[in-house]
Each structure stands twice: as structure tokens, then as C-alpha cells.
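Just below is one structure, and these are the notes that go with it.
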Amino acid sequence: MRRHHIFMMAETEIFDLIIVGAGPAGIATAVESKRVGIQKVLLIEKGPRHSYSIEKLYTPGKRVDKVYLGQDIECEGSVCIVDGTRETVLKTMDQFIEEYGLEIIANTEVDHIEQVANDLFVITDLEKRQWRTRTVVIAIGVYGRPNKPNYPLPSSLKQNIWFDLSQNIPARSRVLIVGGGNTALEYAQYLYSDHQVTLCYRGKEFTKANEVNKKIVSDLEKNRHIEILLESNVVNICDRQQHPRIEVTFQDETRRQFDDILYAIGGTTPESFLKKVGVTLEGKHPTTSHAYESGIPGLYLAGDLVSGGKGTIVKAFNTGKTVVWDGLCQGQLECRIPIPR
3 MRRHHIFMMA ETEIFDLIIV GAGPAGIATA VESKRVGIQK VLLIEKGPRH SYSIEKLYTP
63 GKRVDKVYLG QDIECEGSVC IVDGTRETVL KTMDQFIEEY GLEIIANTEV DHIEQVANDL
123 FVITDLEKRQ WRTRTVVIAI GVYGRPNKPN YPLPSSLKQN IWFDLSQNIP ARSRVLIVGG
183 GNTALEYAQY LYSDHQVTLC YRGKEFTKAN EVNKKIVSDL EKNRHIEILL ESNVVNICDR
243 QQHPRIEVTF QDETRRQFDD ILYAIGGTTP ESFLKKVGVT LEGKHPTTSH AYESGIPGLY
303 LAGDLVSGGK GTIVKAFNTG KTVVWDGLCQ GQLECRIPIP R
């Protein structure tokens with residue numbers, strides 16, 4: 003269905019379910035909904051494509067396994083993956099979308115969700131477009147926006163400052179990667195072959211990264227493929243107005259020049275958005291029922307939002323199954339038991 007047709011339909015139709023976020027949890031929720039006969043389902047995605055966080059945060063060719071950080075979890079629903087790569091996961095998601103005819107509106111950021119009646123919500127995006135739905139699932143992940151440093155970033159360096167690898171950093175450039183987690187280390191592994199890479203981290207060691215990534219970057223440093231700066235904190239960057247463009251000042255007052263700088267310092271959680279729509283939080287974590295229903299009847303959460311900070315793709319899939327079978331189908335929407343495959 004074309005984008006403008008969905009907007010036209012939104013003016014007259016009431017959806018059974020709108021899912022905010024078209025990543026693994028959102029897609030799994032939509033698939034499970036279709037499997038039980040819920041037909042009027044729409045996914046709204048902030049990014050340009052489905053699963054954009056995987057595309058953006060995972061380096062090309064990155065291995066993706068069902069077992070992650072020792073969590074060997076079985077798929078409980080209809081959506082699952084096998085061990086593979088970033089690309090095979092994205093292809094699998096493409097296949098589920100095509101098989102179940104999932105409707106997705108991309109490049110659309112939801113601004114507010116309001117319950118206007120017992121079984122009716124109005125969803126409004128940043129452009130003030132609205133959709134009506136009987137139930138809602140928020141599946142937006144935990145990284146709403148990438149963190150930015152606490153020092154100014156010159157606007158003149160917009161083409162030289164990066165927060166992910168969704169676009170290609172020019173080859174052979176001198177790149178400073180700031181960060182010490184798995185994402186930063188994987189960026190270094192991906193870029194070193196055709197870039198001059200320096201990895202900068204404020205800690206004494208990479209405590210947030212897994213052992214595999216730590217060994218790989220250690221070997222790269224030993225073989226002089228990358229440079230690692232530990233206990234090194236960037237305090238300022240400026241535009242040199244000449245090649246190389248960026249001058250970086252460190253806490254010890256030393257200065258270095260780079261062509262590009264890539265930040266991998268985490269992301270902001272969507273706490274403010276959840277509070278805005280009325281979801282109750284305990285600390286940073288939303289409170290939900292066993293079916294991941296919030297305190298607002300008909301408003302559910304899925305994916306990393308309800309995984310306790312230790313999410314995996316399989317866990318995200320399973321939350322979608324739980325939301326549908328243990329939540330939506332228990333009196334809120336009319337469901338039928340699917341015929342086993």
C-alpha cells in the first residue's frame with residue numbers, strides 16, 4: 003500500500019493495532035497479530051526503513067547469533083532467526099514483512115499517544131498527522147537518539163562528524179572513534195582496513211565490551227593496524243579550516259588532527275516519551291503486567307523496553323508473541339487460533 007493511501011485511510015479507518023517501531027519486536031508483534039486473525043495492523047517507523055537500528059548500529063557483515071551474552075533462548079512464536087550476519091537478519095525481516103503483507107509507514111516519528119476512550123487511542127506524529135486505533139504497542143527500542151558529547155560540535159564540521167555507519171566514511175581518512183563499548187570496538191574492526199583508525203576511550207580498559215571484541219582490537223593494535231588511546235578523554239574539537247579538518251583537544255591538553263570523528267557513546271533512553279504518553283516508570287524501567295501491558299489498558303510495550311537492559315533479538319521476538327497471545331487476545335481484540343504449520 004502506498005504511503006499517501008495509508009494517510010488517506012487513517013482519516014476514516016480505526017485500526018485494530020498500531021505498532022510504534024518496525025524493528026524485530028515490532029515486526030514480531032505484527033506477524034503474531036496477523037497469525038491470530040487481527041487484520042487492521044499498521045507499523046509506524048521513525049527511520050527510513052524497517053529494522054533501521056540493526057542497519058545503523060551493526061557493522062556490515064557483523065555476526066548475529068541466537069545465543070547472545072550466554073543467553074540461549076528459544077523462539078516462542080512464529081518469528082525467529084538462525085545464526086548469521088547483519089545482512090541475513092535484515093533479509094529474514096524482509097521475508098516476514100512480505101509473507102504477512104505488513105504495512106509500514108517509514109520516516110514518521112510519533113510525538114504523542116492519547117487514549118480518548120476506553121478502546122480508542124489517537125496517535126499523532128511530529129507533522130500533526132493522526133491515526134486512530136483500538137490498541138497500541140510501543141516497540142521503539144532503548145536508543146532513541148545517539149548520545150552527543152558535552153562539548154560543542156561545530157556546525158561547519160557536520161560532514162566530518164558521525165554517530166553511526168549508516169553512511170560510508172570516506173576511505174583512507176584519519177578517523178577518531180570515541181567510545182569503549184562493543185559498538186566502538188566493532189567500528190574499529192570494520193574501518194581499519196581502509197582507514198587510519200584511532201580508538202579513544204576514557205577508561206583504563208574496555209570493561210563494557212565482550213572478550214571477543216577486546217581480543218580482536220588488542221591484536222589489531224599489536225599488529226599496528228589501529229591505535230588505541232586509553233584513559234584519554236576528549237574535551238574539545240574545532241574546525242581547522244584546512245586538511246585535516248578536525249583538531250581534537252584531550253584532557254591532558256595534547257592536540258591531534260583527524261579527518262573524521264565517530265562517536266559511539268551510547269544513546270538516550272526514551273524515558274521522556276514514555277512519561278509523556280502516561281507509562282509509569284520505576285527508576286528507568288517501565289512497569290507492566292506479565293503480558294507487557296502498561297497501566298493504560300490497551301497500551302503495551304515490547305522489545306528492549308521490557309527486557310531489563312539485557313535484550314537480544316530473540317527476546318524481542320518473544321515479547322511480541324507474549325503481547326499478542328497473553329494480552330491482546332485476552333479480551334481486547336478478536337483472535338482465532340492459527341492452524342499449526
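Counting in the working numbering, the sequence shown runs from 3 upward without gaps.
Where is the CB? At the ideal position from N, CA and C, for every residue including glycine.
Residue i classed as buried or exposed, judged by whether at least 16 other C-beta atoms fall within 10 angstroms
i: Leu283; result: exposed
i: Thr321; result: buried
i: Met10; result: With a pLDDT of only 49 at Met10, under the threshold of 50, the placement of this residue in the model should not be trusted; the figure read from the coordinates follows. Met10 is exposed by the Cβ-count criterion.
i: Leu276; result: buried
i: Tyr189; result: buried
i: Tyr2; result: Because the chain in this structure spans residues 3 to 343, residue 2 falls outside the shown range and cannot be described.
i: Arg37; result: buried
i: Gln344; result: Residue 344 is absent from the model: the chain starts at 3 and stops at 343.
i: Thr289; result: exposed
i: Ser296; result: buried
i: Ile171; result: buried
i: His245; result: exposed
i: Gly28; result: buried
i: Gly79; result: buried
Endpoints, alpha helix (DSSP H) assigned at residue i
i: Asp261; result: It is not in any alpha helix (DSSP H) - Asp261 carries neither H nor E in the DSSP assignment.
i: Val33; result: 26-37
i: Ile1; result: Outside the shown range of the chain (3 to 343) lies residue 1, about which nothing can therefore be said.
i: Phe17; result: Taken as a continuous stretch (DSSP letters only), Phe17 belongs to no alpha helix (DSSP H), being part of the beta strand (DSSP E) at 16-22.
i: Leu128; result: No alpha helix (DSSP H) contains Leu128, which DSSP labels as neither H nor E.
Reduced DSSP category for residue i - H, G, I as helix; E, B as strand; rest coil
i: Asp221; result: helix
i: Ile56; result: helix
i: Val139; result: strand
i: Met3; result: Confidence at Met3 is low in this model, with a pLDDT of 46, below 50, so its placement is unreliable and the value that follows should be read with caution. Correct three-state label for Met3: coil.
i: Asn149; result: coil
i: Met10; result: Caution applies to Met10, whose pLDDT of 49 falls short of 50 and renders its modelled position unreliable; the value that the coordinates give is listed next. Helix.
i: Thr90; result: helix
i: Ser123; result: Correcting the residue type first, residue 123 is Phe in the shown sequence and not Ser. The answer is strand: DSSP assigns Phe123 an E or B state.
i: Gln117; result: strand
i: Tyr302; result: strand
i: Gly182; result: coil
i: Glu349; result: Only positions 3 to 343 of the chain appear in the structure, and residue 349 is not among them; the question remains open.
i: Glu213; result: helix
i: Lys278; result: helix
i: Glu295; result: strand
i: Cys77; result: coil
Residue i - containing beta strand (DSSP E), residue span
i: Leu231; result: 228-231
Paired residues, beta bridge with residue i - DSSP
i: Tyr102; result: DSSP, once it has assigned bridges, lists no residue as partnering Tyr102.
i: Gln198; result: Arg176
i: Asp241; result: Ile248
i: Ile163; result: Ile263
i: Thr256; result: DSSP, once it has assigned bridges, lists no residue as partnering Thr256.
i: Ile83; result: BP columns for Ile83 are empty, so no partner.
i: Glu284; result: His287
i: Ile46; result: Val22, Ile107
i: Val66; result: Gly86
i: Gly269; result: Pro148
i: Val112; result: Asp127
i: Arg134; result: Ile16, Val124
Any non-hydrogen atom of the ligand MN within 7 Å of residue i CB
i: Thr87; result: With respect to the ligand MN, the structure shown offers nothing to examine, as it has no ligands at all.
Residue-chain proximity (residue i, chain C), Cβ-Cβ < 8 Å
i: His52; result: No chain C appears in this structure, which consists of one protein chain only.
Exercise for the section: Please determine if the segment 13-23 and the segment 132-141 are in contact, where contact requires at least 3 C-beta pairs separated by less than 8 Å. Expected result: yes
**Message:** Closer than 8 Å is the cut-off here; do at least three beta carbon pairs connect the segment 38-46 with the segment 156-170?
**Reply:** no
Taking three-plus beta-carbon pairs below 8 Å as touching, is the segment 173-185 in contact with the segment 201-218? yes
Practice problem: Examine the Cβ distances between the segment 204-222 and the segment 84-94 and report whether three or more of them are shorter than 8 Å. | Solution: no
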